[in-house]
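*Asks:* The structure is given below, and queries will be raised subsequently.
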Amino acid sequence: MENTSTKKEWKWPLGIFLFYMTFVVGTLTFVFYTFTQKTDLVIEEYYEATLTYQDHIDKAKRANSLAEPVQFSLQGQQAKIVFPDFMQADGLNGKIQLYRPSGSSMDELLPIVTDENGVQYLSFADRTPGLWRVKVDWAFDGLDYYTEHDFFIR
515 MENTSTKKEW KWPLGIFLFY MTFVVGTLTF VFYTFTQKTD LVIEEYYEAT LTYQDHIDKA
575 KRANSLAEPV QFSLQGQQAK IVFPDFMQAD GLNGKIQLYR PSGSSMDELL PIVTDENGVQ
635 YLSFADRTPG LWRVKVDWAF DGLDYYTEHD FFIR
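Numbering-wise, the numbering used here comes out as the position in the sequence shown, counting from 1, plus 514.
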């Protein structure tokens, strides 16, 4: 009879110990997992960019108020950006950012280089399929403009 009571006596401390160890191991596994995940910021200088965000809003409003907006189209693996007719002079300069929301390592910054018709072509043939956001930031006649367009590449 004594043998069974000592067996029952040791079950609950062992259960508490196993529960506690499972909790500790689970917590440590979760902490390790969260610290090994890569977190990409939308932009590296996030706090500095918030100080100039009103300028960004003004540039976007200016671009949206153009009588002839910038046109985007996708033909196969090539994107076409057409600037307004009045901006097809030599005074157009700026940059195009190819932004990949799912991975900052694939982002690319390109200068605006248009042909005589004010058209810039971008090739997506060697890029990873998926969502790409094309951000166009340019200046013409002393005024700054900004617009963006999403392309889904297959």
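Yeah, the Cβ is synthetic: ideal placement off N, Cα and C, and Gly gets one too.
Would Gln551 pass as a contact of Phe597 if the rule is Cβ separation under 9 Å?
*Replies:* In terms of Cβ geometry, Gln551 and Phe597 do not form a close pair [threshold 9 Å].
*Asks:* Return the chain-ordered ranges of every beta strand (DSSP E) run that is complete within the stretch 590-632 and spans a minimum of 3 residues.
*Replies:* 592-596, 607-613, 622-625
*Asks:* Please name the residue or residues paired with Thr661 in a DSSP beta bridge.
*Replies:* Val650
*Asks:* Could you spell out where the alpha helix (DSSP H) holding Glu562 opens and where it closes?
*Replies:* Counting along the chain, the alpha helix (DSSP H) containing Glu562 begins and ends at 560-565.
*Asks:* From the DSSP output, in three-state form, read off Gly540 for me.
*Replies:* helix
*Asks:* Taking DSSP as the reference, what is the three-state secondary structure of Gln585?
*Replies:* strand
*Asks:* Which same chain residues, not among the five before or five after Gly632, have their C-beta less than 8 Å away from its C-beta?
*Replies:* Val596, Phe597, Pro598, Asp599, Met601, Gln602, Leu606
*Asks:* At a cut-off of 8 Å, is Met620 close to the ligand COA when judged by its beta-carbon and the heavy atoms of the ligand?
*Replies:* Ligands in the displayed structure: none, and consequently the ligand COA is not present.
*Asks:* Could you work out which residue in Phe531, Lys575, Gln591 is closest to Val584 when comparing CA atoms only?
*Replies:* Lys575
*Asks:* On the criterion of 16 or more Cβ atoms from any shown chain inside 10 Å, does Val648 qualify as buried, or is it exposed?
*Replies:* buried
*Asks:* Does DSSP put Leu645 in a helix, in a strand, or in coil?
*Replies:* strand
*Asks:* State the beta-bridge partners of Ser637 as determined by DSSP.
*Replies:* Gln592
*Asks:* Just verifying my parser: in three-state terms, what is the DSSP assignment at Met515?
*Replies:* Annotation note: pLDDT 48 at Met515 (below 50); position unreliable, coordinate value reported separately. In the displayed model, Met515 falls within coil according to three-state DSSP, outside both helix and strand.
*Asks:* Would you identify the three-state DSSP class for Ile571, choosing helix, strand or coil?
*Replies:* It is helical.
*Asks:* Determine whether the beta carbon atoms of Leu645 and Asp664 lie at a separation below 9 Å.
*Replies:* yes
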